[in-house]
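Written below as structure tokens is the structure these notes are about.
There are 2 protein chains.
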Amino acid sequence: MDPYPKPLRDLISQLKRLPGIGEKTATRLALFILADRANLSGELSSCLKRVSEQIHLCPVCFNLTDSQRCAICRNPERDPSLICVVEEPSDVLALESAHVYRGLYHVLHGLISPLSGVGPEDIRLSELIERIRTSQVSEVIVATNPSVEGESTFHYVAKMLQDAHLSVNVSRIASGIPMGGELKYMDQVTIASALRYRRSLKDI
Amino acid sequence: MDPYPKPLRDLISQLKRLPGIGEKTATRLALFILADRANLSGELSSCLKRVSEQIHLCPVCFNLTDSQRCAICRNPERDPSLICVVEEPSDVLALESAHVYRGLYHVLHGLISPLSGVGPEDIRLSELIERIRTSQVSEVIVATNPSVEGESTFHYVAKMLQDAHLSVNVSRIASGIPMGGELKYMDQVTIASALRYRRSLKDI
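Those sequence lines, one after another, are chains A and B. Read in numbering that gives the first Met the number 0, the first sequence has 127 at position 128, and its numbers run on one by one without any break. Read in numbering that gives the first Met the number 0, the second sequence has 7 at position 8, and its numbers run on one by one without any break.
In structure tokens, the structure reads:
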């Protein structure tokens with residue numbers, strides 16, 4: 000016999016769909032939500048409703064937004080000649096947290112991955128070409144993760160722009176030992192990359 | 000600048016109120032909920048709403064229920080002369096999972112803890128006395144955790160029932176080495192308890 004009433008059991012099942020949350024954690028969260036006197040369930044419920052109703056993709060860069068265009072595309076201080084191509088919206092947050100980049104973004108919502116059945120037409124690549132074609136873009140920085148899929152997407156983007164005869168520079172974010180990292184803990188590919196793309200003293 | 004739109008930021012803040020969920024996990028969950036195509040946000044939102052609307056405490060044992068009385072109190076096969084006293088609803092689940100106990104429960108919703116300002120009147124103790132007074136109860140099993148608060152609540156319950164001159168047996172769940180546990184990893188108090196409450200061969 001299940002000692003929990005059905006609405007609680009349903010909430011536990013739904014919480015279990017979240018990444019990294021199993022039966023025990025879902026039960027703990029559900030009981031916490033229920034025991035909370037500060038109306039956590041009401042607040043969460045209305046937040047979830049608002050998120051699904053109000054959040055959509057920016058028609059220009061496909062970042063998440065609740066207004067017509069996203070805050071970055073709307074910002075007149077951002078440099079529209081630079082486009083940074085990323086896999087997903089959380090990558091925009093990561094890059095913004097460095098406070099270095101002042102251009103615009105383009106969120107692909109995926110990476111080319113033949114093994115998972117994701118082809119170039121499944122991600123926002125045609126929109127990227129169209130965007131570069133219709134605006135003054137001087138450089139496209141491909142900031143996908145340094146994984147097999149990230150690298151192949153980078154090469155695909157470079158080839159695609161070349162084939163379209165668009166006069167735009169394509170660059171790739173640097174790969175190497177992260178700040179504070181230690182050589183002895185690094186994998187071979189990272190070390191090889193750090194050596195291969197070493198900078199000459201005069202460039203530093 | 001916050002690159003996330005407000006409804007998403009609000010959802011992250013609410014998720015952060017859950018136990019064990021910090022900024023990074025909350026962001027990951029919120030983005031997962033948003034990216035999910037199977038309407039996770041809608042399902043979760045309606046589950047939360049139903050939970051807060053339909054779940055209440057059973058007026059007899061104070062376990063969680065969505066009907067007039069809880070499933071255990073309603074079950075005619077449970078022995079009404081046995082009451083197992085626990086701290087919170089999740090303890091009922093833990094005890095039920097052992098498939099051994101066939102009596103009823105009484106959920107205190109807390110333990111006596113003077114340090115946290117929780118006194119006997121803050122938990123469901125007067126309701127327990129009243130329940131024992133008005134029904135045929137032969138034994139009260141106190142199954143609070145073997146912590147300082149759990150032990151003092153046990154002693155308080157025992158004294159309370161004695162003072163009320165109720166002819167009911169009070170017992171405490173056993174404390175000792177858990178099955179599969181190893182002596183060398185056990186704390187002194189557990190080992191002392193296992194020795195002190197050793198069973199004679201004839202009782203096994």
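Cβ atoms here follow ideal geometry from the backbone N, Cα and C, with glycine treated the same way. Owing to the predicted nature of the structure, the values given are computational and were not obtained by experimental measurement.
Put simply, the CB of valine 50 of chain B is near chain A, with a gap under 7 Å to one of its CB atoms.
One thing to note: isoleucine 82 of chain B has its Cβ within 7 Å of the Cβ of leucine 103 of chain B. Contact of proline 18 of chain A with chain B by beta-carbon distance below 8 Å involves Arg27, Leu28, Phe31.
Here phenylalanine 61 of chain B has His105, Val106, Leu107, His108, Arg123, Glu126 as same chain residues with Cβ atoms under 8 Å from its own Cβ, once five neighbours each way along the sequence are excluded. For tyrosine 196 of chain A, the secondary structure class from DSSP, reduced to helix, strand or coil, is coil. Taking 8 Å as the upper bound for CB-CB distance, leucine 63 of chain B and isoleucine 54 of chain B are in contact here, some 5 Å apart. Assignment of serine 170 of chain A by DSSP, reduced to helix, strand and coil, places it in the strand class. Those residues of the region 58 to 79 of chain A placed with their C-beta closer than 9 Å to a C-beta in chain B are Asn62, Leu63, Thr64, Asp65, Ser66, Cys69, Ala70, Ile71, Asn74, ordered along the chain. For the region 97 to 112 of chain A, there are no residues whose beta carbon sits under 7 Å from a beta carbon of chain B.
Out of B:Ala29, B:Ser151, B:Ala191, B:Tyr3, the CA that lies nearest to the CA of glutamate 95 of chain A is found in B:Tyr3. Across the set A:Cys69, A:Asp121, A:Ile172, the C-alpha of A:Ile172 shows the shortest separation from the C-alpha of alanine 142 of chain A.
A residue is called buried once 16 or more other Cβ atoms fall within 10 Å of its Cβ, and serine 40 of chain B is buried on that count. Annotation: arginine 8 of chain B to serine 137 of chain A spans about 33 Å, alpha carbon to alpha carbon. The Cβ-Cβ distance between glutamate 150 of chain B and leucine 110 of chain B does not fall below 7 Å. A residue is called buried once 16 or more other Cβ atoms fall within 10 Å of its Cβ, and valine 156 of chain A is buried on that count. Using beta-carbon distances, serine 146 of chain A does not count as an interface residue toward chain B, since no partner is under 7 Å. For the region 141 to 172 of chain A, the set of positions with a beta-carbon nearer than 8 Å to some beta-carbon of chain B is empty. Beta-bridge annotation (DSSP): aspartate 78 of chain B is paired with B:Gly102. Taking C-beta atoms as the reference points, glutamine 13 of chain A and glutamate 42 of chain B count as a pair closer than 7 Å. Between valine 59 of chain B and arginine 68 of chain B, the C-beta spacing is below 7 Å.
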